[in-house]
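Student: Count the sequence shown with my numbering and you get residues 9 to 146, in order.
Quick one: the structure is below, and I'll ask about it shortly.
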Amino acid sequence: MLLTKFDPFKQFKDLERSFYNYPSNNESVNGFVPIVNTREGESAYHIDVDLPGVKKEDIKVDISKDILTISGERKTKDEIKEEDYYKVETSFGKFTRSFTLPENIDIENIEARSDNGVLEVIIPKKEEQNSKKSIEIK
């Protein structure tokens with residue numbers, strides 16, 4: 009007969025341990041999720057998206073109302089078979105990232121450029137109108 013010690017917290021410990029096996033940000037269950045850096049400059053907002061291995065033709069930048077959406081696809085290399093790899097850590101697939109834009113932007117002059125696997129979207133701010141005015145008394 010085998011005796012085992014009863015642990016009333018065993019289920020909680022198992023649950024806690026299962027969190028360590030959960031995928032991190034770099035291991036997306038749904039495919040490729042690009043890393044994004046956003047910053048505000050004096051005259052523009054900047055969105056930098058890391059897209060290594062993604063061709064410019066496979067990236068789309070759209071604006072609808074106050075939402076800027078960057079979408080595309082990182083495709084697998086067809087000439088290399090999966091069985092040729094020991095381990096594959098690179099994720100592939102379609103991606104979409106959306107950003108709510110502030111009111112003070114110049115939507116007509118937004119620019120996007122891709123260089124060395126980084127997409128930079130430059131969103132210029134509208135020039136501030138001087139809201140101060142003196143009223144002449146008659």
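By construction, the Cβ of each residue, glycine as well, lies at the ideal position given by its N, Cα and C atoms.
State the DSSP-derived secondary structure class of ILE75, mapped to helix, strand or coil.
Tutor: Three-state result, ILE75: strand.
Student: With burial defined as no fewer than 16 other Cβ atoms inside 10 Å of the residue's Cβ, what is the status of ILE43: buried or exposed?
Tutor: Exposed.
Student: Out of THR77, ASN45, ASP70, ASP123, which has the shortest C-alpha to C-alpha gap to GLY60?
Tutor: Correcting the residue identity first, residue 60 is Pro in this sequence and not Gly. Nearest C-alpha to PRO60: ASP123.
Student: What would DSSP say about ASN117, mapped onto helix, strand or coil?
Tutor: ASN117: helix per DSSP, three-state reduction.
Student: Any idea what DSSP makes of PHE100, helix, strand or coil?
Tutor: Here PHE100 sits in coil by DSSP.
Student: Hey, ARG105 and ILE67: beta-carbon distance below 7 angstroms or not?
Tutor: Not closer than 7 angstroms, so no.
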